[in-house]
Structure formats: C-alpha cells, structure tokens
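Residue numbers (the working numbering): 1220 to 1476.
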C-alpha cells in the first residue's frame, strides 16, 4: 500500500463506529522532559523574526520536504528520495535577519541533507534521513522555536487485522516523527507505546514476522529508557525503526507477487 494511501486509510479508521483506544498522556510512561540537549548554564535567547509568517513558511517547506523524503524511502524509492533531498541542500533566500544568528545550525541541516543525497543503499539513506531530522530538532532547540503540531488524530481501533495494525503503525510513526523533530517527549512516548504493543499479524512466506519483532523490540527498548535518551540516540533508534518498516513493506510486497 502506498504511504499516502496508508495514511488516508489510517485517518479514515479514526471515524469507525467502535470507540478506538488512544494512549493516555497522563499514563505512567509519559515523562516531563528527557535530556534532549547538553546541559547549558543559560538557555539561548529565542529567535526574534521581523517577519514571523515568512519564517514559518520557510520552516514548513523544509518540514514537508523531509516528510515526503521519508515516505519515498520507506516505500523503497531510493532515487526519488535522494532527488527530493536535494531540495534541502539549497539554502532558501529569505530576507529575515532573525535567521542570521542560527546560520551554523542551518548549515548542519544542509550538510546532513547533502550526506543523504549521497547514500548508495536504502538502509543507509533511511538512517541518514533520521539524522537530518536530528539536525532540524537541534536548530529548533537552539532557537527555542517550538513546533505547534495539530492535535493528534484518534488512534485507529485495533481489530486484530493486518490493515488496522498497519494503520496503527502509521499513526505511531507519525507521533515518533513529531516527537523527534519537535522535541516533544509525550508524542515520542505515545508512538513508542503503540509500536511496543502491536506487532503486525503473521504474514506467511515473508520476513515480516522477524522484522515486526525487531521493530517491537526497538520500540520497547526506547520506551524503557525514554527519560534518559539523548537526541542523537533517539535519531539513531528512529532510523533503525524506519529500516525495519521499509524492509517489511518490501518483503510483504515481494510475497504477494
């Protein structure tokens, strides 16, 4: 199933008749805030933009590009993903003095995206894409620019089928993405909680069972140490989860044909 179609299907399931479950942010597995950054004697001054709307547009364009790159790579489209990543290597010129002080962080994003464009294998590209997300998160933290995500859609109900489990996995990965790029611990934990508990049903004659088990174990390990995981470690774990997702999709697709 194509990523966009899967996401649409996941959202549609949120309107099902049975009341779907949703991890409660008040549950014990949530954390006040994990140590995303190295300790600083004083927090950096927040960025001040002359034209906040233009700055938001600039950042939103980067955000959308990176999200599309990830979806292409998970679908196995390495060449398309690398081509799209080129967009992040170009520094978009906007007349915004407020961004000048953070040029080094912006350069880190460009450098990480450049490395992604040179990936020769899909697994490597997925891991490098996660590192671009880490560079974005570092910039957001340095500028104290908190991302305001819309309220998360309701978690699709689990009807013990491959399609509903896939919809739940899509929901979970979306929360992990928001938690990583936006330094949002609650969303990171909510995504992990779903992946840790809901493996995909067994698919005969494919590597899906093994890959699903590995994904579940990765999520459980991160959930266990969510209060102490540094940003780089979360990015590395997220990259490994994406590698399993892409491999599972490819295995199931090959088993169908």
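Built from N, CA and C at the ideal position, the CB exists for glycine as well.
Task: Outcome for residue 1363 when other beta-carbon atoms lying within 10 angstroms are tallied against a minimum of 16 - done: exposed
Task: Same chain, Cβ closer than 7 Å to residue 1414, five either side skipped, listed in chain order - done: For residue 1414, same chain residues with a beta-carbon under 7 Å away, outside a window of 5 residues either side, are 1388, 1391, 1434, 1435, 1438 in chain order.
Task: Anticipated Cβ contact below 8 Å, residue 1295 with residue 1446, distance rounded - done: About 35 Å separates the two Cβ atoms, so there is no contact after all.
TODO: Have a look at 1336, 1337, 1360 and flag the residue whose alpha-carbon is nearest the alpha-carbon of residue 1399.
DONE: Ranked by Cα distance from residue 1399, the first of 1336, 1337, 1360 is 1360.
TODO: Return helix, strand or coil for residue 1408, following the three-state DSSP convention.
DONE: helix
Open item on the list: Can you tell me whether residue 1472 is buried or exposed? The criterion is at least 16 other CB atoms within 10 Å of its CB, across all chains shown.
Closed with: Per the 10 Å Cβ criterion, exposed.
Open item on the list: Suppose the cutoff is 7 Å on Cβ atoms and the five residues either side in sequence are ignored; what does the same chain contact list for residue 1410 look like?
Closed with: 1391, 1392, 1394, 1395, 1398
Open item on the list: Between which residues of its own chain and residue 1300 is the CB-CB distance below 7 Å, once the five residues before and five after are set aside?
Closed with: 1288, 1291, 1292, 1344
- [ ] Please confirm whether residue 1308 and residue 1328 have their CB atoms less than 7 Å apart.
- [x] no
Task: Endpoints, alpha helix (DSSP H) assigned at residue 1398 - done: 1381-1400
TODO: Spatial neighbours of residue 1466 within its chain, please: CB distance less than 6 Å, with the 5 preceding and 5 following residues excluded, ordered by chain position.
DONE: 1430
Open item on the list: Is the separation between the beta-carbon of residue 1338 and that of residue 1347 shorter than 7 Å?
Closed with: yes
TODO: Determine the contact status of residue 1376 and residue 1354, defining contact as a CB-CB distance below 7 Å.
DONE: no
Open item on the list: Just to confirm the assignment: which complete beta strand (DSSP E) runs, minimum length 3, are found wholly within the segment 1331-1371?
Closed with: none
Task: Alpha-carbon to alpha-carbon, residue 1379 and residue 1350 - done: Roughly 34 Å between the two C-alpha positions.
- [ ] Tell whether a beta-carbon distance below 7 Å holds between residue 1401 and residue 1366.
- [x] yes
TODO: Figure out for me which residue from 1305, 1383, 1405 has the closest Cα to the Cα of residue 1371.
DONE: Cα-wise, what sits closest to residue 1371 is 1405.
TODO: Look at the Cβ atom of residue 1480, then the Cβ atom of residue 1342, and state whether they are nearer than 7 Å.
DONE: Residue coverage of the chain in this structure runs from 1220 to 1476, which leaves residue 1480 outside it and unanswerable.
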